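The next block holds one structure in the form of structure tokens; read it before the comments.
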């Protein structure tokens, strides 16, 4: 045994977050890229809705051409929850059979693991939404977007994705097994979609469900996205009942932003607490 | 400065399970220290507290002077862990696994690459390092995890039952690798194991842990010396208490003789094994009787009344 005295360097008092965050995000992206199901499976159902079911409904119900556009945006509201839920699933895989235990012993704040995963979920969702919109355009579905409108769309999409990923991360931290996680996905990702005005305006719902819909972040997100890409403020009006579309959009953006902020903060807290027994 | 200082460290899990009950120990810089005990003794909980993944209920612990509860990031910066279960990103290459560790522990990229190449050579992974980790055998993956843990030049390395679940050949191979770590005088190693030969072979000092308490702590040689140069083991048909009393009365056994079930173990300090066996035969006590050198299992058995092999 060596008993020689050694000098132990004192670590820097402040850990830089950018380098580790980039490392964690790159790692998550590499793992995701090697799991094609995470990239493509969430796209299937929304594309089916946008390209097959919406045109079929239009024909069957003799609705106007804009209904396809209405549903195309509505399917974004399905794509985002499905994709973020798939991303959350990989957190459980990482915990059970991946390198998460090693990452928890790294000299970095554990919240960075959540943020790293979030960045990748956001990038993949953006890619998928881009594909969905591109496919819709290729199918002849018309959007009526201005520069400002695109910003409203992006703001709503990004904030809603951030909030939904927070929800997925919380669920992944609290649920021990993948099977239990998957069993909860329909209630979180699909049920609200039927109530949030994805396929029809929320005013078409029974009145008490219309009220419920007004409290769903997805309702606000979809109304904002339609306002942005279709210049259609009827969804916002159904929620707020005001005459100024910009004011209503601002209010809905605040709701989605609050949802994102709250769920992200909660997900970091829940993950960090679950990392320590 | 000690590399590890543990003071009255305790952990009670929700539900009231007391996994660790106020343990104290210190590990000098450069020492290889073993925590020896069966499953459920509190070894992994102790490592969990030292690596900040388990919150202590009471007491304190310091790594290289950093309190694990007050300065967890600093404590994690000077340490690395090799886990009981394989913990790698299987779809990534061996090199990428090591790079991620290096980046998170703040090793500069250029230095990290040189270090990875050096460790890949040292651990016999040079030809494998750019392959996905899921193509590695169990032993290769273990060596990869050891290399990963060393990329960041840790002051303290935790090896939590590193050979559990490996076949005997891979286990022997890995023990060689771990034994070689002893030459790195700057590295302090805390090894948990329930394998006696691992503790005897690899550790400068061993703490025997039983039901959350440290029941003995010394060098393997000193622990074994407490049981004399040899011991005699006999199986008794009747009362072991009476047999022990008779042996002590005749001066064959000392106060450290002990019985577990029908087996009586007599450490020999003054008598030769031949003299002891002859005396036991005269007393007409034993059916089967044998003499052998003591092992750490005997130390454990005497202290706890339980066999490590059986308990593990």
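Chains as they are written, first to last, in the numbering used here: chain A, 2 to 278; chain B, 15 to 326. Think of the CB as a built atom: it goes at the ideal place given N, C-alpha and C, for glycine as much as any other residue. Only a predicted model underlies this, so the values are computations on that prediction, with no experimental measurement involved.
DSSP has residue i in a bridge; who is on the other side?
{"i": "residue 172 of chain B", "result": "B:95, B:204"}
{"i": "residue 82 of chain B", "result": "According to DSSP, residue 82 of chain B bridges with nothing at all."}
{"i": "residue 219 of chain B", "result": "B:47"}
{"i": "residue 249 of chain B", "result": "B:277"}
{"i": "residue 146 of chain B", "result": "B:107"}
{"i": "residue 304 of chain B", "result": "B:247"}
{"i": "residue 41 of chain B", "result": "B:18"}
{"i": "residue 186 of chain A", "result": "Bridge partners of residue 186 of chain A: none, in fact."}
{"i": "residue 32 of chain B", "result": "B:26"}
What number of angstroms, rounded off, separates the C-alpha of residue i from the C-alpha of residue j?
{"i": "residue 323 of chain B", "j": "residue 254 of chain B", "result": "Any reading at residue 323 of chain B must be qualified, since the residue scores a pLDDT of 49, below 50, and its modelled position is unreliable; the value itself is stated next. Residue 323 of chain B and residue 254 of chain B: Cα-Cα distance of roughly 22 Å."}
{"i": "residue 125 of chain B", "j": "residue 75 of chain B", "result": "31 Å"}
{"i": "residue 295 of chain B", "j": "residue 306 of chain B", "result": "17 Å"}
{"i": "residue 48 of chain B", "j": "residue 225 of chain B", "result": "16 Å"}
{"i": "residue 18 of chain B", "j": "residue 220 of chain B", "result": "14 Å"}
{"i": "residue 180 of chain B", "j": "residue 133 of chain B", "result": "22 Å"}
{"i": "residue 273 of chain A", "j": "residue 215 of chain A", "result": "32 Å"}
{"i": "residue 123 of chain A", "j": "residue 271 of chain A", "result": "20 Å"}
{"i": "residue 102 of chain A", "j": "residue 118 of chain A", "result": "15 Å"}
{"i": "residue 239 of chain A", "j": "residue 250 of chain A", "result": "12 Å"}
{"i": "residue 12 of chain A", "j": "residue 121 of chain B", "result": "A caution first: residue 12 of chain A carries a pLDDT of 44, below 50, which makes its placement in the model unreliable, though a value can still be read off. If you take the alpha carbons of residue 12 of chain A and residue 121 of chain B, they lie about 12 Å apart."}
{"i": "residue 115 of chain A", "j": "residue 269 of chain A", "result": "6 Å"}
{"i": "residue 172 of chain B", "j": "residue 65 of chain B", "result": "8 Å"}
{"i": "residue 298 of chain B", "j": "residue 289 of chain B", "result": "14 Å"}
{"i": "residue 54 of chain A", "j": "residue 192 of chain A", "result": "18 Å"}
{"i": "residue 272 of chain B", "j": "residue 20 of chain B", "result": "31 Å"}
{"i": "residue 85 of chain A", "j": "residue 191 of chain B", "result": "43 Å"}
{"i": "residue 178 of chain A", "j": "residue 37 of chain A", "result": "21 Å"}
{"i": "residue 75 of chain A", "j": "residue 113 of chain B", "result": "42 Å"}
{"i": "residue 195 of chain B", "j": "residue 94 of chain A", "result": "32 Å"}
{"i": "residue 24 of chain B", "j": "residue 199 of chain A", "result": "54 Å"}
{"i": "residue 310 of chain B", "j": "residue 111 of chain A", "result": "40 Å"}
{"i": "residue 85 of chain B", "j": "residue 92 of chain B", "result": "11 Å"}
{"i": "residue 44 of chain A", "j": "residue 140 of chain A", "result": "16 Å"}
{"i": "residue 249 of chain B", "j": "residue 241 of chain B", "result": "19 Å"}
{"i": "residue 149 of chain B", "j": "residue 99 of chain A", "result": "15 Å"}
{"i": "residue 3 of chain A", "j": "residue 88 of chain B", "result": "Confidence at residue 3 of chain A is low in this model, with a pLDDT of 39, below 50, so its placement is unreliable and no value can be given for it."}
{"i": "residue 21 of chain A", "j": "residue 117 of chain B", "result": "7 Å"}
{"i": "residue 57 of chain B", "j": "residue 38 of chain B", "result": "13 Å"}
{"i": "residue 222 of chain A", "j": "residue 157 of chain A", "result": "5 Å"}
{"i": "residue 231 of chain A", "j": "residue 181 of chain A", "result": "38 Å"}
{"i": "residue 71 of chain A", "j": "residue 148 of chain A", "result": "19 Å"}
{"i": "residue 97 of chain B", "j": "residue 228 of chain A", "result": "52 Å"}
{"i": "residue 109 of chain B", "j": "residue 105 of chain A", "result": "20 Å"}
Provide the residue span of the beta strand (DSSP E) that contains residue i, from first to last.
{"i": "residue 74 of chain B", "result": "72-77"}
{"i": "residue 103 of chain B", "result": "Looking at the DSSP string, residue 103 of chain B is not in any beta strand (DSSP E), and its letter there is neither H nor E."}
{"i": "residue 281 of chain B", "result": "277-282"}
{"i": "residue 134 of chain A", "result": "No beta strand (DSSP E) contains residue 134 of chain A, which is instead part of the alpha helix (DSSP H) from 112-139."}
{"i": "residue 274 of chain B", "result": "272-274"}
Span of the alpha helix (DSSP H) holding residue i?
{"i": "residue 68 of chain A", "result": "67-98"}
{"i": "residue 185 of chain B", "result": "182-195"}
{"i": "residue 316 of chain A", "result": "With chain A represented from 2 up to 278, any question about residue 316 of chain A goes unanswered, as that position is not in the structure."}
{"i": "residue 27 of chain B", "result": "Not the alpha helix (DSSP H): residue 27 of chain B falls in the beta strand (DSSP E), residues 16-27."}
{"i": "residue 1 of chain B", "result": "Given a span of 15 to 326 for chain B in the structure shown, any question on residue 1 of chain B remains unanswerable."}
{"i": "residue 344 of chain B", "result": "Since the displayed chain B opens at 15 and closes at 326, residue 344 of chain B lies outside it and no answer follows."}
{"i": "residue 254 of chain A", "result": "246-275"}
{"i": "residue 243 of chain A", "result": "Here residue 243 of chain A belongs to no alpha helix (DSSP H), and DSSP marks it neither H nor E."}
{"i": "residue 34 of chain A", "result": "19-34"}
{"i": "residue 102 of chain A", "result": "101-105"}
{"i": "residue 125 of chain B", "result": "123-136"}
{"i": "residue 260 of chain B", "result": "254-263"}
Contact check, residue i vs residue j under 8 Å by CB: the rounded distance?
{"i": "residue 32 of chain A", "j": "residue 88 of chain A", "result": "No, residue 32 of chain A and residue 88 of chain A are not in contact; Cβ-Cβ is about 11 Å, not under 8 Å."}
{"i": "residue 52 of chain B", "j": "residue 208 of chain B", "result": "5 Å"}
{"i": "residue 56 of chain A", "j": "residue 119 of chain B", "result": "Contact flag wrong, Cβ pair sits at about 54 Å."}
{"i": "residue 218 of chain B", "j": "residue 61 of chain B", "result": "With a Cβ gap of about 18 Å, residue 218 of chain B and residue 61 of chain B do not count as contacting."}
{"i": "residue 206 of chain A", "j": "residue 217 of chain A", "result": "With a Cβ gap of about 11 Å, residue 206 of chain A and residue 217 of chain A do not count as contacting."}
{"i": "residue 169 of chain B", "j": "residue 206 of chain B", "result": "In fact, because the Cβ distance is near 18 Å, the residues do not count as touching under 8 Å."}
{"i": "residue 318 of chain B", "j": "residue 229 of chain B", "result": "6 Å"}
{"i": "residue 278 of chain B", "j": "residue 266 of chain B", "result": "11 Å between Cβ atoms; not a contact."}
Using a Cβ-Cβ cut-off of 8 Å, state whether residue i counts as contacting chain E.
{"i": "residue 277 of chain A", "result": "Here the protein chains are A and B, and chain E is not one of them."}
Beta carbon of residue i: closer than 7 Å to some heavy atom of the ligand HEM?
{"i": "residue 254 of chain B", "result": "Within the structure as shown, the ligand HEM is missing, as the structure has no ligands at all."}
Worksheet item: Curious, which full-length beta strand (DSSP E) runs of at least 3 residues does the stretch 213-241 of chain A contain?
Response: DSSP runs (the beta strand (DSSP E)) wholly in the stretch 213-241 of chain A: none.
Practice prompt. Please list the segments of the beta strand (DSSP E) lying wholly inside the stretch 221-247 of chain B, counting only runs of 3 or more residues, in order along the chain.
Written response: You should have 227-232.
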